[in-house]
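Asks:
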Amino acid sequence: MAEEIAAGILKDKFPDSILELSYFRGEETILVKREDIAEVCLFLRDHPELQFNYLTEVCGVDFPEREARFEVVYHLYSLKTYKRLRLKVRTEEEKPVPSVTSVWPTANWHEREVYDMFGVRFSGHPDLRRILMPEDFEKHPLRKDFPLFEESDL
Amino acid sequence: MSTELDLSGEKGLEAPSKVKDIKTKTMILNMGPQHPATHGVLRLIMELDGETVVRCTPDVGYLHTGIEKTAENKTYYKALPLTDRMDYLAPMMYNLCYCLAVEKLLDLEVPPKAQWARVMLAELTRLASHLVWLGTHAMDIGAMTMFFYCFREREKILEIYETCGGQRMMSSYIRFGGLYEDLPLELDRMVKEILDTFPDKINDYESLLTTNRIWLNRTKGVGVISAEDAIACGLSGPNLRGSGVKWDVRKANPYSSYEKFDFEVPVGKNGDVYDRYLVRLEEMHQSLKIVRRALEGMPEGSFINQNSKYLLPPREEIFTSMEALIHHFKVVVDGFRPPTGEVFQSIETGKGELGFYLVSDGSEKPYRWRVRAPSFVNVSALPKLVEGRLFADVVANIGSIDIVLGEIDR
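These protein sequence lines map, in sequence, to chains A and B. This note's numbering puts the first residue of the first sequence at 967, with every later residue one more than the last. This note's numbering puts the first residue of the second sequence at -14, with every later residue one more than the last.
1. Quick one: does B/Val95 have its CB under 7 Å from some CB of chain A?
2. For B/Tyr342, which residues in chain A fall below 8 Å Cβ to Cβ?
3. Just verifying my parser: in three-state terms, what is the DSSP assignment at B/Asn202?
4. To the nearest angstrom, how far is the alpha carbon of A/Phe1036 from that of B/Asp167?
5. So if I threshold CB-CB distances at 8 Å, which residues from the segment 968 to 998 of chain A count as touching chain B?
6. Taking B/Ser365 as the query, report the chain A residues whose CB atoms sit under 7 Å from its CB, ordered along the chain.
7. Does the CB of B/Cys41 have a neighbour CB from chain A at under 7 Å?
8. In the structure shown, what three-state DSSP assignment does B/Asp260 receive?
9. Between which two residues does the beta strand (DSSP E) holding A/Asp1028 run?
10. Exposed or buried, which one is B/Glu(-11) when buried takes at least 16 other CB atoms within 10 Å?
11. Mapping DSSP to helix, strand and coil, what is B/Asp34?
12. Would you mind telling me which residues of chain B sit closer than 8 Å to A/Ile1097, beta carbon to beta carbon, in chain order?
13. Name the residues in the segment 1079 to 1109 of chain A whose C-beta lies less than 7 Å from a C-beta of chain B; which are they?
14. Does the beta-carbon distance from B/Glu108 to B/Val276 come in below 7 Å?
15. Could you check what DSSP says for A/Leu1111 in three-state terms: helix, strand or coil?
16. Helix, strand or coil: which one does DSSP assign to B/Gln100?
17. Excluding sequence positions up to five away, which residues of its chain have a Cβ less than 6 Å from the Cβ of B/Tyr243?
18. Quick check: the segment 199 to 206 of chain B against the segment 224 to 234 of chain B, are there 3 or more CB pairs under 8 Å?
19. What are the residues in the segment 232 to 255 of chain B lying within 8 Å of chain A by C-beta distance?
20. Between B/Asp346 and chain A, is there a C-beta pair that is closer than 7 Å?
21. Who are the near neighbours of B/Phe132 in its chain, counting only those whose CB is closer than 6 Å to its CB and skipping five residues on each side?
22. Which residue wins for smallest C-alpha separation from B/Ala217, given the options A/Leu1008, A/Leu976, A/Glu993?
23. Need the endpoints of the alpha helix (DSSP H) that B/Asn15 sits in, please.
24. Taking CB distances under 7 Å as the criterion, tell me whether A/Leu1045 reaches chain B.
25. How do the segment 1043 to 1062 of chain A and the segment 994 to 1002 of chain A stand: do at least 3 beta-carbon pairs fall below 8 Å, yes or no?
26. Compare the C-beta of B/Asp125 against all C-beta atoms of chain A and say whether one is closer than 7 Å.
27. Can you give me the C-alpha to C-alpha distance between B/Ile52 and B/Ala64, rounded to a whole angstrom?
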């Protein structure tokens, strides 16, 4: 499994950055330290054996009961080996995640969407604005404490 | 931004000595959201220097309806009809991808007949999606006839939807573990009619466009993107293959028994609008090949997995067995509880790689229900295609990347 190889190589290279490994239905998830995500991504992209050169998507998940309430999930893919890898970081509202736009330009819109929907900030992002919601919208709709139905003020 | 005017090379014009100091101002032009060539409600803010696009900023979100949020507050079953409504030109693709993701989460088997029927319907959907793309794309560039031809043919596929699921578009026909109902008897005749008539129709389109001088002038060398840039920008599907990257999810990571089908993956060379057009036209021929194989080799057997506590019991049992009735009631009212975990499933739609990312916390509602929409990523690469090129080519570029705003904004 390329994913298991990836975990081994990553653990050798970044012993302090890899926090957790988990497997479910043949998919591997690697929890990465928040500060190191951009470096890890760059390493995975350029590694001659792994070649995770394609970023499928970036998305957020909200766990309000946790101390670090947000997870940012990266789905990496290799157009050479056809393998997929999931990376995760945990963060809070005040702690920005290093942006991976310098590694893959396509991360630009994905990270904007995570910011729009969850309020997670990305450091080093060239243009961190709302993308789907109106510019003057104040809340972040995909947070679990954002109600599905709300009395309108109008 | 400003540029220098250099008229010294112009014949018959004697350049004033200070002409190089003249600065031209750029102009901001707003295109959309109500514009017929933006295929929905895409808004482009464009900075123009004369006829050249200096900067293009797409603005999306006008169709945002919070589908992800809505789905996270419904049971897995009740979220299924929402999937039809994102890419409304290829609803069965979304059904298929969502069902595959939930089946992966539940570790659920799908009987062979359902798998083959899904492949057949997915390829018919790809045809329908490509037909709308071709019709609207060609109309944007000025070939009005194509629009009528393509929509005439698409109607045949919508009739198949109607026969299967009862609706022309939002049929929700593909369900967890299989299909909603067994394939209707008329389907055989209807699909055969498509297989008999479509190759000639597609050849007609090609004879109208492929060597047409106006078409060539409007598409060749326009909106060029290299393979490296296309990968970096996350393009997928025909847009990536137009640049020469031979990657198709159906071949690379086969799902729903695609590995049993023989088909070619066409690729382009130059990565321009014309190559993307050629790739999609060839894909239509390949889709017909897959549909023919699926129809002829359709396995016998059940259309849905009937031995699962997660799924609805067979309808005839509901009327005769008390246990089946209770089971049916529980699944419909409470939903089922999948194991805790997370899955990502992607498929190849007509527009690119569609992905569903589901996080389950063990409850009857999905904790996170995320869609990786191909058009969302493809439209984010639009500035790369149009910046520095002529304004008149913007419309050709929007058409060629084949976007649907319903799935961009969700």
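We put the beta carbon where it would ideally sit given N, CA and C, even for glycine.
Replies: The answer reads as follows:
1. The Cβ of B/Val95 sits no closer than 7 Å to any Cβ of chain A.
2. Within chain A, Glu1023, Cys1025, Val1039, His1041 have C-beta atoms less than 8 Å from the C-beta of B/Tyr342, given in sequence order.
3. The three-state reading of DSSP puts B/Asn202 in helix, counting H, G and I together.
4. Distance from the CA atom of A/Phe1036 to the CA atom of B/Asp167, rounded to whole angstroms, is 43 Å.
5. Flagged, chain order: Phe990, Arg991, Glu993, Thr995.
6. By Cβ distance, chain A contributes Thr1072, Asn1074, Trp1075.
7. Taking Cβ atoms only, chain A never reaches closer than 7 Å to B/Cys41, which makes this a no.
8. For B/Asp260, the secondary structure class from DSSP, reduced to helix, strand or coil, is helix.
9. Counted as a single uninterrupted DSSP element, the beta strand (DSSP E) harbouring A/Asp1028 occupies residues 1020 to 1028.
10. Low local confidence applies: a pLDDT of 49 at B/Glu(-11) is under 50, so the model's placement there is unreliable, with the coordinate-based value given in what follows. B/Glu(-11) is classed as exposed because its beta carbon has fewer than 16 other beta carbons within 10 Å across all chains shown.
11. In the three-state DSSP reduction, B/Asp34 falls in the strand class (E or B).
12. Those are Val45, Gly46, listed as they occur along chain B.
13. Across the segment 1079 to 1109 of chain A, CB contacts with chain B closer than 7 Å involve Ile1097, Leu1098, Met1099, Pro1107, Leu1108, in sequence order along the chain.
14. Remark: C-beta atoms of B/Glu108 and B/Val276 approach each other more closely than 7 Å.
15. A small correction: the amino acid at residue 1111 of chain A is Asp; Leu does not occupy that position in the sequence shown. If DSSP states are grouped into helix, strand and coil, A/Asp1111 belongs with coil.
16. Secondary structure at B/Gln100: helix, using DSSP grouped into helix, strand and coil.
17. Arg235.
18. Fewer than three pairs of CB atoms, one per stretch, sit closer than 8 Å, so the segment 199 to 206 of chain B makes no contact with the segment 224 to 234 of chain B.
19. Per Cβ criterion, the list reads Trp232, Ala237, Asn238.
20. No, because no Cβ of chain A sits closer than 7 Å to the Cβ of B/Asp346.
21. For B/Phe132, the CB contacts under 6 Å within the same chain, skipping 5 residues up- and downstream, are Gly120, Met124 in chain order.
22. Residue A/Leu1008 is the option with its Cα nearest to B/Ala217.
23. Annotation for B/Asn15: no alpha helix (DSSP H) segment contains it, though the beta strand (DSSP E) segment containing it runs 12 to 16.
24. True, the Cβ-Cβ gap to chain B drops below 7 Å.
25. At 8 Å Cβ cutoff, the stretches touch.
26. Chain A contact via Cβ: absent.
27. As the crow flies, the alpha-carbon of B/Ile52 is around 9 Å from that of B/Ala64.
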